[in-house]
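> Below are the structure tokens for one structure; questions will follow.
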Amino acid sequence: MFIKKFNVNIILLSIGFSVSLFGFNGVCQYITAFFSEMGFPNTGFWVLILLYTFFLLSSPFAGILISKYGAKLCMLVSILSYSLFALSLLSKSQILVCLAACLVGGASAPLWVGQGCYLVKASKKESYGVNSGFFVTSIMLGNTLGIFFLGFLISRFSYFKAFGFYSILPLAGFIPLLMLKDFRETEKRGNQWLLVGNIMKNRLVLKLSIFGFYSTFIRALFVGIIPLKIISIFGSEDYIGILCSMYYMGPILLSYAFGRFSDKTGRRFMISLSYAICIASLLIIYFFNIKWLLIAGIVFSAISFSICRPLMIALTGDISSKNNVDSLMAFFILTQNAGWIIGFFLPIFVKGNEIYLIAAFVSLISWIILSSALKENTEDIKLKLDKELSCGVTS
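All residue numbers for the sequence shown refer to the working numbering, where the first residue is 2 and numbers rise by one.
What follows is the structure, given as structure tokens:
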């Protein structure tokens with residue numbers, strides 16, 4: 002019953018990424034602690050910065066690669082870098098690990114853009130939300146279990162043995178991806194470089210991209226500063242793991258339901274709900290230094306994240322055509338990465354509780370901009386973008 006209800010390709014895609022991220026994200030979670038134990042406390046942070054920076058820089062080109070070689074092939078080649086990254090840690094060489102981080106960052110763009118494009122191409126229009134929700138639920142479950150299990154292995158054995166085992170998991174995730182149907186377009190697609198240029202200067206695309214930026218900006222900010230808030234309110238680090246896990250459990254429990262609901266109600270309502278809940282959570286945390294209200298703020302933030310995570314892919318599917326989906330997905334991934342980087346850097350310059358108020362203000366401005374872009378229905382937006390973005394591309 003379950004298999005019949007879902008697209009087999011979406012199941013394979015979700016399993017492949019879930020298994021691979023079980024290994025890769027688990028390693029990333031412990032990389033700063035690993036280098037700190039080796040006597041290099043700053044190396045882990047620089048490795049992550051390099052990874053996300055190269056992810057950002059390679060994102061504009063990912064759509065061109067996928068348009069030429071197909072999402073399946075790009076995902077298969079890219080996911081191998083996850084194993085190489087875990088193996089590089091066994092070398093104990095900071096230079097080698099940094100080079101591996103650059104490789105993973107560059108490969109992550111065709112991997113994640115390919116994932117989004119493949120999900121859209123493998124789905125029917127009326128199931129973008131439910132399929133995105135199923136995918137998000139699967140990968141978040143893999144992320145969470147991977148982090149917990151790696152902690153057990155490290156405490157039971159060592160970093161090196163644990164990382165060695167985790168380097169195998171992306172290879173295991175390679176197998177379901179190999180079984181995917183290839184949806185590569187065979188007809189000539191026109192000048193993809195010109196299409197990328199058209200996308201980057203299109204005002205409507207820029208407005209729509211604010212949704213992905215907002216989502217990752219808030220997530221990076223929340224993940225980075227909320228542990229400090231927990232310590233200040235509860236007076237102990239013991240509550241960090243328990244309370245922060247609620248943020249990751251939200252998508253596991255709710256993203257599928259929210260994605261499915263968005264297919265029925267439309268994206269605009271669910272997007273607005275996500276913004277409203279997010280702003281409420283930030284204001285609660287800003288104004289009230291009370292334990293149960295902090296917990297409420299974390300729960301609200303988890304709900305907001307559970308809504309917007311699957312909707313980013315679903316909305317891209319709604320407003321893109323087969324001519325521009327690859328490059329549009331790549332550009333939206335680029336803006337999401339910009340959100341990550343700015344979200345990681347902002348706490349360096351803004352200290353104290355005011356950062357939550359700034360985040361609420363950024364969310365409100367983002368909501369206003371996106372609402373202005375979504376005044377028309379998504380089908381009209383799709384036709385408009387197809388016309389504007391194809392100008393000169395196929396001539």
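For each residue, glycine too, the CB sits at the ideal point set by N, CA and C.
Note that the structure is predicted; figures quoted are calculated from it, not measured.
Our contact map puts Ser19 next to Ile140 with C-beta atoms below 8 Å; I'd like the distance itself, whole angstroms only.
That pair is a contact at about 5 Å.
> Pick helix, strand or coil for Leu22, following the three-state DSSP scheme.
Three-state result, Leu22: helix.
> Would you decide whether Lys325 is buried or exposed? Buried here means 16 or more other CB atoms lie within 10 Å of its CB.
It is worth fixing the name first, because residue 325 is Asn in this sequence and not Lys. Its Cβ being crowded by 16 or more others within 10 Å, Asn325 is buried.
> Specify whether the segment 330–348 and the segment 303–318 touch according to this definition: at least 3 beta carbon pairs, one from each stretch, less than 8 Å apart.
Result yes; three or more Cβ-Cβ pairs closer than 8 Å.
> Determine the direct distance from the alpha carbon of Ser256 to that of Leu112, and round the result to whole angstroms.
When rounded, the distance between both Cα atoms is 21 Å.
> Exposed or buried, which one is Phe153 when buried takes at least 16 other CB atoms within 10 Å?
Phe153 is exposed by the Cβ-count criterion.
> Skipping 5 residues on each side, what residues in its chain have a beta carbon closer than 6 Å to that of Gln193?
Within the same chain, Gln193 has close Cβ partners Ile65 and Ser68.
> With distances taken between CB atoms, is the gap from Phe212 to Leu371 smaller than 7 Å?
In contact: Phe212 and Leu371 (Cβ atoms closer than 7 Å).
> Using CA atoms only, rank isn't needed, just tell me which of Ile155, Ala303 and Ile320 is closest to Tyr249.
Selected option, being the one with the closest Cα: Ala303.
> From the DSSP output, in three-state form, read off Gly353 for me.
Reduced to three states, the DSSP call for Gly353 is coil.
> Which residue wins for smallest C-alpha separation from Leu97, given the options Thr54, Val48, Gly298 and Asn26?
Answer by Cα proximity: Val48.
> Would you mind sorting Arg157 into buried or exposed? The rule is 16 or more other CB atoms within 10 Å of its CB.
By the 10 Å Cβ count, Arg157 comes out exposed.
> Could you check the C-alpha separation between Ser89 and Ile32 for me, to the nearest Å?
Distance between the alpha carbons of Ser89 and Ile32: 12 Å.
> Going by C-alpha to C-alpha distance, which of Gly260, Arg185 and Ile148 sits closest to Cys245?
Checked all of Gly260, Arg185 and Ile148; the closest Cα to Cys245 is Ile148.
> Where does Ser133 fall in DSSP's three states?
Here Ser133 sits in helix by DSSP.
> Mark Arg204 as exposed unless 16 or more other C-beta atoms lie within 10 angstroms of its C-beta, in which case mark it buried.
Looking at its Cβ environment, which holds fewer than 16 other Cβ atoms inside 10 Å, Arg204 is exposed.
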